[in-house]
DNA sequence: ACTTAGGGACGTCTAGGGACGTCTTGTGCT
DNA sequence: AGCACAAGACGTCCCTAGACGTCCCTAAGT
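Residue numbers (my numbering), protein chains in the order written: chain L, 69 to 227; chain V, 69 to 227.
See below:
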């Protein structure tokens, strides 16, 4: 019961499927087949390609993430890291919220000002109503903006 | 100020747009163009066809509903009433929940039994995962079934 | 003044699809 | 006994789309 446990993590024979898969994927990243900033195929796609269980793919990807080659964004996928750059604002609604937040903090949108309507933001970002709403909900929760039925949202005055 | 008010509901001069629209739609229902049990065009579609505001269409439809010609199902649409029959189980998830509930109450699914999985129900009803989940959530809230991660849902024993 | 109509904005619900997260249970190899 | 692997189930989050519900305001007709 102690033998396996005492083995240091590193030196495994390498016959394990998931390390092989990790190597294959790592190669594709290094050769640029999976370019920096783009998304890897999904777990389902990889498990289909390598004809292996989803769990096995996940093990492989976990090692790649530990190596710092990729980052994983739940509900979005895995993204190949760009050289020495932090991945930020992964989701669409975070991008929108971030833009608006910046405008408020810089004063482009002053307290009392009217916030672009959902329709306008949809048009600006070419996205769905729900995504825009999620961005606005985030700002509202932060207390930056307020909404009232029938009228436009507006920037709250700072406390 | 009293003239319009004192007029009984029936004999209006007909200059009002929404009554005209109501008449047109009523005619289509009576002639069978909009068959019983089917859905009317959406508010947006009607307002586009008659080139009026959505509010105006809504007024027209309200009178038709008051006449008992149609029923309205939020997020679904307006349905032409069938002769002397109550409309029941409008939404897909309610149909699924109803079927399962019946099976439990009749004993086809006994306490402790396993409930069909989401995948199986999807296949049975040819619907999305979310719809199935909503049906199951309803039953769970009623205390009829229970779920636990990794394992199948099961029928709760009756109190 | 009141009704009708128009038009815009926000709110909520139903439905569908994709991706990752976690858990459980078998099977086989070592 | 322990690990690797397969397979399946449930959970959560993101995104899109359509429909009705509610509220607010303005313009025009009466």
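Beta carbons are placed, not taken as given, at the ideal position from N, Cα and C, and that holds for glycine.
Residue i, DSSP secondary structure in three states
i                      : result
residue 112 of chain L : helix
residue 106 of chain V : coil
residue 159 of chain V : coil
residue 121 of chain V : coil
residue 207 of chain L : helix
residue 178 of chain L : coil
residue 199 of chain L : helix
residue 183 of chain V : coil
residue 150 of chain L : coil
residue 87 of chain V  : helix
residue 166 of chain V : helix
residue 99 of chain V  : coil
Euclidean distance between Cα positions of residue i and residue j
i                      : j                      : result
residue 99 of chain V  : residue 87 of chain V  : 18 Å
residue 117 of chain V : residue 95 of chain V  : 16 Å
residue 220 of chain L : residue 170 of chain L : 19 Å
residue 168 of chain L : residue 156 of chain V : 45 Å
residue 177 of chain L : residue 93 of chain V  : 47 Å
residue 125 of chain V : residue 115 of chain V : 6 Å
residue 166 of chain V : residue 217 of chain V : 24 Å
residue 198 of chain V : residue 161 of chain V : 9 Å
residue 244 of chain V : residue 84 of chain V  : Any question about residue 244 of chain V goes unanswered here, given that chain V covers just 69 to 227.
residue 134 of chain L : residue 202 of chain L : 31 Å
residue 120 of chain L : residue 119 of chain V : 57 Å
residue 132 of chain V : residue 139 of chain V : 9 Å
residue 209 of chain L : residue 193 of chain L : 21 Å
residue 174 of chain L : residue 101 of chain V : 58 Å
residue 154 of chain V : residue 154 of chain L : 59 Å
Same chain, Cβ closer than 8 Å to residue i, neighbours up to 5 away in sequence not counted
i                      : result
residue 112 of chain V : 122
Sequence-distant residues of its chain with Cβ nearer than 7 Å to residue i (five each side left out)
i                      : result
residue 136 of chain L : 149
residue 224 of chain V : 179, 211, 212, 213, 214
residue 205 of chain V : none
residue 207 of chain L : 165, 168, 169, 213
residue 195 of chain V : 160
Member of the options whose CA lies at the smallest distance from the CA of residue i
i                      : options                    : result
residue 90 of chain V  : V:127, V:192, V:159        : V:127
residue 185 of chain L : L:115, L:164, L:151        : L:164
residue 109 of chain L : L:191, L:217, L:145, L:172 : L:145
residue 143 of chain L : L:119, L:172, L:107        : L:107
residue 172 of chain L : L:129, L:226, L:154        : L:226
Residues near residue i by beta carbon distance below 6 Å, same chain, minus five either side
i                      : result
residue 141 of chain V : 158
residue 104 of chain V : 148, 150
residue 182 of chain V : 220, 222
residue 200 of chain V : 186, 189, 190
residue 130 of chain L : none
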